[in-house]
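All remarks here apply to the structure that follows.
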Amino acid sequence: MPRSPALALSDPEVLKRVQHLGDALAASIAQNDPPPLDPFQSPRRSEDGWQHQVKLLEDLALLISDGVSARLAFVGWVSLYLKNALISLLESRRSAVALAAMAVLNCLVLRSSSTSRTAASTICSWFTKTLLRLAASPSSVTAVSTAASALLTSMAGGCLLTLEGLNFVISACAAISAAVRRCAMRVLQTYLLGARGTPHQLAASAYVDAVHRVLRDGVTDADATVRADARRCFWSLHLLEPASAAVLLRVLPPNVRRLLAEERGRVLEDLQAVVATPVQAAEATPATRQQVGARLAGPRTEASRTMTLKDELQAAAARRTRSHGSRSVSPSTRHRQLLLLAKDLPYDPEKRPIVVHTAHPLYEEVNTKSRRMSLLNAMESTDWSVRRAAILQACELCEDGRLADDMPTFFSVLLLRLQDTQFRVVEAAQDCLRSCLQYRPATTQESLRGSLNSYLNAIFRNTTHVKPTVRHGARIVLDMLTRLHESPAKLLEAVLRSIDDAGGYAVEQRMAEFLLYFVLVHPSLFALQSITGATVRCAVTHISGPPADPSAEVHRVAAAAAVTAWSKVLGVLSLMGPEVFRDTFERLSPLQKGTVHAAFRECFITPRSGKEKTNAQDFDNSEFLTKIACVFAEQLKEAYAAQQMRLSTRGRRGQPSSTQSLGATSPPLHFVPPAVFPPLLKSLLMSPPPGDSSSVRQPSHLAQSHGATPQHSTSFRANKSSKQAEDHAAAFRRSFVSTLALPSETAGELSPADAVTAAFYNSVAAPLKMGDGEAVSHNAPAQFLHEWSSCRDAAAKRAALLRVAFALRHHATRQRNVSCAFGGCDGDQQPECVPEEAERLLQCWEREVGGAEYACDHRLRWAVFDALEALLGWSSARSAVARQLTRVITMCRHGMDDAFVEVQLQATTCFATAVLKRKLPLDFCLGALASCLSRWMDGPARDAATPGWLELLRMLQRLFEQELDTQLKASKGATGMRVDGQQKDSATAAFTVTSSVLQRVIAVVCQCLTHCNPAVRLSAVLVLAALLHAVGESTAASFLTALTPAQHHVLRVYRDRVPISVEDGS
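So the sequence shown is numbered by my numbering: it starts at 2 and just counts up by one.
Given below as structure tokens:
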């Protein structure tokens, strides 16, 4: 049966495919009879095992090439079903199987984009250890080792390594085998070279001390190849962090410094580094001193090299003004005209050349002159006029065809200029992109193949720019992409992905208007069921998304306009192919069908009376509309008219006639709407969705657009009056706010720490509490994620965090009242937590407290931990948080090391809640703590003993102290611990910790015994003493074989001296 593309499949269908492929690979590895590729066919026992494995891996590579890696849950699918199988197949004795497994990873690396880069980095880091071993193993086949080395180079060049993967590469640089050291050193050099100028440069900078240690050992290694690779790695570090490389150079041996000085020029040329040629000053003789004035006054002298590029432009404009003859104007007017000439006229390097000697062809001279400027250096200048002049010069080179060989490198820099802060630079970049599409369409599309999604995101944001010229230019570029792109299906796929990355209601509205224009230009494309289904699901998702902030009128108006635009897209799709749309409609869920019904009422039905378009009985007295106006087409006509006016007033040569004719008149749309409304759509619109229509979630923005009272999409029950519902919700909120006067439950008098926390909470959160007239969001995580990208300052972010914390505490403590207030669920039904949303919440908050987007405001960091405590207290998110416990503990460790005591107290509360109060399985807690501590001991900051790391060690001691009254049960490699008096509500509850987890914990604690800080060593001894008290000396002896006799003696002393007391209910 034909294979359907992954774009047309939903997440459950893709998961089913991945699960089937994983089960088949696992069965083939176990030498069982593998199941067939098609579950409806009988297995074929005559097929060879390794050939079947190759076929399965090829199917997996095809599935990944369809864009499955961009799905949110793709990392979890690979971890559950494919990770162990791929590791085993990479180590297969059959070279064909190993090469097919590497082809799967290579396909993942090639398909990684801005949306799936994090997932690709996480997955590639799992296989770094295996690939290094294959690339350096002498027993591997030459083809396998070569493919493994090439795959590692591709992964490192694209910076597809997490901190764990980079840490393993650095550790492998000090391995015993010389082959492993050679391979790891090359990978590290490639990673440092690829991280330059990217966000991954921050991750590489965190390992500077470790890289210094590795390079100091590498340049004096016994193997000559390792020494040469270490020197090249040093120059990569020099290009990445010059100051850090200078520090390392001072501690290297003198002979190594001489070698580095000798090979500096050659290595930098191989690395394609741009280094300006130093100009040596000539000796000052009497003859030269007499000619200094004349040489400085000349128009083309060597001394002009020291001038900046901005001075060069202004000098060239001044000479041009003097040559044409100036009119008798005032000095101020002449100065303004001079600046206009310097900023508006294209820069011609023939007037004032600058010398730069480089190796890359794009940095070389653009004609036969010996002294030319560098286009890329000028496009990255700090002066916006220089950037604009360089872009205009590159535009002329593209028209002449002299830039065809370096188009990919040029487009990587042009993408940054499309997002420039100066609107004239953005305007020039859009003009350059239009020229490339007009004169070199094939080369341009080939260069944009890997970055089309990023370009579309930038152009869509420019359609909402404050300057009309930028908006007009962005619409013209979108029109040219629509009409000139060789594959409209691929362009539509990139547009749908860009729509999912939209960051605001205004951008969503412009994207929906462009999608409507795209549908009208390419109507034949939507005859396919898969493409129509993907477009309909995208529109339905954005219509039924989280509502806008009810406190902002501007957000409500923008959200209503975006929903209206999406409703027009659904209306045109239904008119274009009613049968295809009906088949797509039948595959939607009841909730999505209700959303489509509401969108149809917004798009097609116009009541003749003044009634609202909400009741089905009003349909007979209504008039169905079939003509839907295309807003983007009208805006496009204005854009072409404004563009012609702009070019004519500036005196530049206009664009080619073919480009102007695309939108000079009414754009030819290839879809003609029907004269009569199709009966199939009318019956579809008249029939209500299956199930109870009163409980179907309706798009709240539609009601808000007609002046209704703003409320959340999950409204109250239809049989309950709105007045009663508002009174009930207000009374409940007043009772709930009284319980949230303090951030945690207190009894009796407050301790000094609790008093500080309470005072800080009242000063920060009191002005931002929800009023009696506002409704608590039923889907707080989704609404928070939708609002977070539009928060521009710390106050807005803090308000969003406190709102989501309020809503989560609302659902956690008042579940029965919540179900009564929100009539969309029954009395025993609670709001459900989507695991992907909880994971995205933790990722977003982790960046604020310890990532690259570290929040400078300590009140914002406190609000992050307040929201984290509310998420930990939500019972529906218990399983989702348990899977991300390592990330939660890492966040709490950053908070406990914060400089402000309020943040420290709140982070300590979150840490205790996550590990102790949530009563998670002991395996989860011990495994997460061991992962964090091992990352600390193996990382570059292992010598730092901050309070956060000490608190993690003390938490291990507390966990073992809670098990003092337990009895040991060993069976099948597990150490069972039954709690007798620990839990009051379940006296027969049993906690089980596996031997592997306990071994990991003891291994990292044994590493802490050799720490340089005495506080860390003491905490490690206390942890082991608590372990001996909990499980017994005879059981723990098998895990403590790595201790020295002196450490055993210290452990026995502390075991006898330290009193262990078990607190009731702790």
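Just so you know, even glycine gets a beta-carbon here, dropped at the ideal spot from N, CA and C.
Remember, predicted model here, so these are calculated numbers, not experimental data.
message: Less than 9 Å between the C-beta atoms of residue 165 and residue 126, yes or no?
response: By 1-based counting over the sequence shown, the position of residue 165 is 164. By 1-based counting over the sequence shown, the position of residue 126 is 125. The Cβ atoms of residue 165 and residue 126 lie closer than 9 Å to each other.
field: Closest residue to residue 211 among 197, 178, 249 and 194 (Cα-Cα distance)
entry: For the purposes of this step, residue 211 is identified with residue 210 of the sequence shown, where counting begins at 1. For the residues 197, 178, 249 and 194, the minimum Cα distance to residue 211 belongs to 249.
message: Let me confirm a value: residue 657 is counted as buried when at least 16 other C-beta atoms fall within 10 Å, else exposed. Which label applies?
response: The residue you call residue 657 lines up with position 656 of the sequence shown. Because residue 657 sits at a pLDDT of 40, beneath the cut-off of 50, its placement in the model cannot be relied upon, and the following sentence gives the value as read from the coordinates. In the assembly as shown, residue 657 is an exposed residue. Its beta-carbon has fewer than 16 other beta-carbons within 10 Å.
message: Can you tell me whether residue 177 is buried or exposed? The criterion is at least 16 other CB atoms within 10 Å of its CB, across all chains shown.
response: Numbered from its first residue, the sequence shown carries residue 177 at position 176. Residue environment: residue 177 is assigned as exposed (fewer than 16 neighbouring CB atoms within 10 Å of its CB, all protein chains considered).
- request: Taking residue 255 as part of the alpha helix (DSSP H), name the residues at either end of that continuous run.
  value: Position 254 of the sequence shown, counted from the first residue, corresponds to residue 255. Note, residue 255: alpha helix (DSSP H), 255-263.
task: Identify the continuous alpha helix (DSSP H) that holds residue 94 and give its terminal residues.
output: Taking the sequence shown and counting its residues from 1, one reaches residue 94 at position 93. Going by DSSP, residue 94 is part of no alpha helix (DSSP H) at all; its letter is neither H nor E.
query: Distance, Cα to Cα, residue 464 vs residue 472?
result: Here residue 464 refers to the residue found at position 463 when the sequence shown is read from its first residue. Here residue 472 refers to the residue found at position 471 when the sequence shown is read from its first residue. Take the alpha-carbon of residue 464 and the one of residue 472: they are about 4 Å apart.
message: So for residue 491, helix, strand or coil by DSSP?
response: Numbered from 1 along the sequence shown, position 490 holds the residue referred to as residue 491. In the structure shown, residue 491 sits in a helix (DSSP, three-state: H, G or I).
query: For residue 179 versus residue 226, is the C-beta distance shorter than 9 Å?
result: Counted from its first residue, the sequence shown places residue 179 at position 178. Counted from its first residue, the sequence shown places residue 226 at position 225. Yes. Within cutoff.
- request: Could you give the DSSP three-state label for residue 1052: helix, strand or coil?
  value: If you number the sequence shown from 1, residue 1052 lands on position 1051. For residue 1052, the secondary structure class from DSSP, reduced to helix, strand or coil, is helix.
query: When we look at the beta-carbon of residue 568 and count the other beta-carbons within 10 Å, is it buried (16 or more) or exposed?
result: Looking up residue 568 in the sequence shown gives position 567. Counting the other CB atoms within 10 Å of its CB gives residue 568 a total of 16 or more, which places it among the buried residues.
- prompt: From residue 60 to residue 100, what does the alpha carbon distance come to, in whole angstroms?
  reply: Position 59 of the sequence shown holds residue 60. Position 99 of the sequence shown holds residue 100. Each residue's CA atom was taken as its position, placing residue 60 and residue 100 some 14 Å apart.
message: When you compare the region 920-940 with the region 868-877, are there three or more beta-carbon pairs, one atom per stretch, that lie closer than 8 Å?
response: With the cut-off at 8 Å, the region 920-940 and the region 868-877 do not touch.
query: With respect to 8 Å, is the separation between the Cβ of residue 269 and the closest non-hydrogen atom of the ligand PLP below this value?
result: In the structure on display, the ligand PLP does not appear, and there are no ligands present to speak of.
Runs of alpha helix (DSSP H) wholly within the region 178-262 (minimum 4 residues, chain order): Correct list: 179-195, 201-206, 209-219, 225-241 and 243-251.
- prompt: Is there contact here, the region 137-146 with the region 191-198, by at least three beta-carbon pairs under 8 Å?
  reply: The answer is no - the region 191-198 does not touch the region 137-146, with fewer than three Cβ pairs under 8 Å.
Local conformation of residue 468 per DSSP, three classes: On the sequence shown, position 467 is the one that residue 468 refers to. Looking at residue 468 - three-state DSSP - the assignment turns out to be coil, as it is neither helix nor strand.
message: To the nearest angstrom, how far is the alpha carbon of residue 255 from that of residue 163?
response: To locate residue 255, count along the sequence shown from 1; it is residue 254. To locate residue 163, count along the sequence shown from 1; it is residue 162. Per the coordinates, the alpha-carbon of residue 255 lies some 35 Å from the alpha-carbon of residue 163.
task: Check whether the region 874-885 touches the region 948-956, counting contact only when three or more Cβ pairs, one atom from each stretch, lie closer than 8 Å.
output: No: the two stretches stay apart, fewer than three of their Cβ pairs being nearer than 8 Å.
query: Going straight from the alpha carbon of residue 667 to that of residue 435, what length do you get?
result: Reading the sequence shown from its first residue, position 666 is the one you call residue 667. Reading the sequence shown from its first residue, position 434 is the one you call residue 435. Residue confidence is low: residue 667 scores 44 on pLDDT, short of 50, so the model does not pin down where it sits. No coordinate-derived value is stated.
CB of residue 395 within 9 Å of CB of residue 404, strictly: Counted from its first residue, the sequence shown places residue 395 at position 394. Counted from its first residue, the sequence shown places residue 404 at position 403. Yes, they are a contact pair.
Proximity of residue 541 and residue 603 at Cβ, strictly below 9 Å: Here the question's residue 541 lines up with position 540 in the sequence shown. Here the question's residue 603 lines up with position 602 in the sequence shown. With contacts defined by Cβ atoms closer than 9 Å, residue 541 and residue 603 do not form a contacting pair.
- prompt: Who are the near neighbours of residue 571 in its chain, counting only those whose CB is closer than 6 Å to its CB and skipping five residues on each side?
  reply: Within the sequence shown, residue 571 is the residue found at index 570, counting from 1. For residue 571, where only same-chain residues beyond five positions count, the Cβ hits under 6 Å are 540 and 600.
task: Check each candidate in 959, 933 and 804 and name the one with the smallest Cα separation from residue 1004.
output: The sequence position of residue 1004 within the sequence shown is 1003, counting from 1. If you compare the alpha carbons of 959, 933 and 804 with that of residue 1004, the shortest gap goes to 933.
field: Span of the alpha helix (DSSP H), counted from its first residue to its last, around residue 1015
entry: Within the sequence shown, the letter at position 1014 stands for residue 1015. Taken as a continuous stretch (DSSP letters only), the alpha helix (DSSP H) holding residue 1015 covers 1015-1032.
- prompt: Leaving out the 5 sequence neighbours to the left and right, which residues in its chain are closer than 6 Å to residue 931 when beta-carbon positions are compared?
  reply: As a first step, residue 931 is located in the sequence shown; it is residue number 930 there, counting from the start. 1001, 1002 and 1005.
- request: Give the DSSP-derived three-state secondary structure of residue 589 in the structure shown.
  value: Along the sequence shown, one-based indexing puts residue 589 at 588. Assignment of residue 589 by DSSP, reduced to helix, strand and coil, places it in the coil class.
- request: Could you check which residue in 94, 792, 119 and 111 has the C-alpha nearest to that of residue 62?
  value: Residue mapping note: residue 62 aligns to position 61 of the sequence shown, counting from 1. With distances taken between Cα atoms, residue 62 lies closest to 111.
field: Distance, residue 1009 Cα to residue 454 Cα
entry: Within the sequence shown, residue 454 is the residue found at index 453, counting from 1. Within the sequence shown, residue 1009 is the residue found at index 1008, counting from 1. Just so you know, the alpha carbons of residue 454 and residue 1009 end up roughly 47 Å apart.
task: Please say whether residue 268 and residue 233 have beta carbons closer to each other than 9 Å?
output: Counted from its first residue, the sequence shown places residue 233 at position 232. Counted from its first residue, the sequence shown places residue 268 at position 267. Yes, they are a contact pair.
- request: Helix, strand or coil for residue 383, going by three-state DSSP, please let me know.
  value: In the sequence shown, counting from the first residue as 1, residue 383 sits at position 382. Note: residue 383 maps to coil in three-state DSSP.
field: Complete alpha helix (DSSP H) runs within the region 903-958 (minimum length 4 residues, chain order)
entry: Scanning the region 903-958 for uninterrupted alpha helix (DSSP H) segments of 4 residues or longer gives 923-939, listed from N- to C-terminal end.
message: If you measure between the beta carbons of residue 466 and residue 426, is that distance less than 9 Å?
response: Position 465 of the sequence shown holds residue 466. Position 425 of the sequence shown holds residue 426. No; because the gap between Cβ atoms is not below 9 Å, this pair is not in contact.
- request: Go ahead and label residue 244 buried or exposed: buried means 16 or more other beta carbons lie within 10 angstroms of its beta carbon, across all protein chains shown.
  value: For this step, residue 244 is matched to residue 243 along the sequence shown. Its Cβ having fewer than 16 others within 10 Å, residue 244 is exposed.
- request: Pick out whichever of 136, 1016, 911 and 997 has its Cα sitting closest to the Cα of residue 950.
  value: For this step, residue 950 is matched to residue 949 along the sequence shown. Residue 950 has its Cα closest to that of 1016, out of 136, 1016, 911 and 997.
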